[in-house]
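Before any comments, here is the structure.
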Amino acid sequence: MQTDSSHLLFSKKSFPCQNCGANLVFCADEDALVCNYCGSLNRITPPPLPIKEHDLHSALKKIKVKNWSLQHPLQEIKCPSCAASFSVDFHTRSTTCPYCHTPIITNVDSLLPIQPESLLPFKINRDEAKEIFKEWIGSLWFAPSSIKNIYDTDSTLEGVYLPYWTFDSLTITRYNGMRGDVYHERVTRRVFIDGREELVEDIVERIEWTPVSGIVKLSFDDVLVGASKSIPRKLIDSLAPWDLENLVSFDERYLSGFESEGYEVALDEGVDIAREYMRYQIEHAVRADIGGDRQQINEMKVYHQNNTYKHILLPIWSADFKHNGKNYSFAINARTGKIVGERPYSKIKILFAILLVILLAAGLFYLYDQSQEAGGFSTNFDNFGEGGIHIEIRRSF
Ligand SMILES: [Zn+2]
Ligand SMILES: [Zn+2]
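Our numbering puts the first residue of the sequence shown at 3, with every later residue one more than the last.
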């Protein structure tokens, strides 16, 4: 592998307008490359190749033999348009020149063992993304008033293609455990009420356990694992669902004008994350298979068959905003418009809400107390919940 710190990477390809020679950028509305100068449209017709699934084990073996590393120094880029030099993170696949805004595609893909073969193009454009963010901020409860103005500043809203792995697997799981069936039993006990001894009958829950074992088959299709480390996994995961049935063959022209990253989560790391998710689903299926009211799983042996993977790119709009010196980030699924994010809370608004609840509660209690003033009151909260909790409240005046 031929990387060293002084390696200079140039844009592999540029996409000049056939009409005027200016740079073309991908436009979500037209689903085509558009020239910002003369308005020419340049459609991308992806080859109608079927999106291939690859054998996981042979890929893992190949990577191990070559001993690929994902740790590299910054890339130095020389803009093909204005000749300015600047450096970007090693993982950057596409970006724009910070000086002249020329879209640049790096050659990071030639340095990574696995290249993306398909992607979902941007469908939500920048203005729509801003509108979605504006609505989201406006709908937040307890958000500080000052952040409601953030969307007016064009801030750092960025269109990014994030790398993902998808995994398929047919799982066969042998398990053994216990099935618990709940039944109820009447028991009597002695209690003292107002100094007198009384017998009280309770209904107590009991569980009958029987040993069980079995086999559960579960097949997984396109389990998605985000392969970026620049955005928190929780945020990436909550951007789902994605319309993966609309994947098109990878073409660098889709990246023109957007940021794009090579993967930072390696294939074997991705498999581990996917299997953790699969195991969680399998456990659910095993519990359903055991049946009864309670389940105990003592052992679960999972065999994975027909293991395949794909490497794909998915489009998001993302931005960070600062509030009171703290950074908050949010992201929008650029296919569906779904927005997810961290958000600040206004301490003052929350304090007022709590005060209001306390005042309301105090008011209600006062009214209630007034209405009970007339006489004694006795309530039996019997069978409170299923556990047969027995509460007796007696008040005499
Ligand atoms: Zn043009
Ligand atoms: Zn430039």
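Beta carbons are placed, not taken as given, at the ideal position from N, Cα and C, and that holds for glycine.
* **Beta-carbon proximity check, Ile53 vs Lys312, cutoff 8 Å** => yes
* To do: Taking Glu160 and Glu285 to be in contact with their CB atoms under 8 Å, please state how far apart those CB atoms are, rounded to whole angstroms.
  => About 38 Å separates the two Cβ atoms, so there is no contact after all.
* For ligand 2, residues whose Cβ lies under 7 Å from any non-hydrogen atom -> Cys81, Ser83, Cys84, Ala86, Cys99, Tyr101, Cys102, Thr104
* **Start and end residues, beta strand (DSSP E) containing Tyr305** => 296 to 325
* Asked: Distance, Cα to Cα, Val218 vs Val288?
  -> 6 Å
* **Rounded straight-line distance, which links the Cα of Ser230 to that of Leu2** => With the chain running from 3 to 399 in the structure shown, residue 2 is simply not present.
* Where do the ends of the beta strand (DSSP E) carrying Leu220 lie? -> 198 to 228
* Tell me the DSSP bridge mates of Cys29? -> Ala34
* Asked: Expressed to the nearest angstrom, what Euclidean distance is found between the alpha-carbon atoms of Ile57 and Thr175?
  -> Note on residue identity: the sequence assigns Asp, not Ile, to residue 57. If you take the alpha carbons of Asp57 and Thr175, they lie about 21 Å apart.
* Taking the DSSP output, what are the residues bridged to Gly161? -> Trp319
* Asp224 vs Asn308 beta-carbon contact at 8 Å -> no
* Nearest to His97 by CA position, among Lys349, Glu119, Glu254, is which residue? -> Inspection of the sequence shows that residue 97 is occupied by Thr rather than by His. For Thr97, the nearest C-alpha among the options comes from Glu254.
* **Residue range of the unbroken alpha helix (DSSP H) whose run includes Tyr282** => 269 to 292
* Asked: Does any heavy atom of ligand 1 sit closer than 7 Å to the C-beta of Tyr39?
  -> yes
* Contact test: Asn21 Cβ vs ligand 1 heavy atom, cutoff 7 Å -> yes
* To do: Taking Asp291 as the reference, give the member of Leu114, Gly140, Asp129, Asn178 with the closest Cα.
  => Asn178
* **4-residue-minimum alpha helix (DSSP H) runs that sit fully inside the stretch 76 to 144, ordered along the chain** => 128 to 141
* Among Lys303, Asn38, Gln297, nearest to Met180 - alpha-carbon criterion -> Gln297
* **Under the three-state DSSP convention, the category Glu55 falls into** => coil
* For Tyr370, which of helix, strand or coil comes out of DSSP? -> helix
* Gly377 - DSSP class collapsed to helix/strand/coil -> Unreliable positioning characterises Gly377 in this predicted model, as indicated by a pLDDT of 47, which lies under 50. The coordinate reading is nonetheless provided below. The answer is coil: DSSP assigns Gly377 none of H, G, I, E or B.
* Looking at the C-beta of Tyr368, does it have a partner C-beta in chain C at a distance below 8 Å? -> The question asks about chain C, but that chain is absent: this structure has only one protein chain.
* **Collapsed DSSP secondary structure at Phe169 in the structure displayed** => strand
* Measure the alpha-carbon distance for Gly272 versus Glu130 and round it to whole angstroms. => 32 Å
* To do: Kindly list the residues whose CB is nearer than 8 Å to the CB of Glu199, restricted to its own chain and excluding five residues on each side of it in sequence; keep chain order.
  => Arg192, Val193
* **Collapsed DSSP secondary structure at Gly365 in the structure displayed** => helix
* Hey, how far is the Cα of Thr94 from the Cα of Lys324? -> 24 Å
* **Leu113 versus Phe92: straight-line alpha-carbon distance, rounded** => 10 Å
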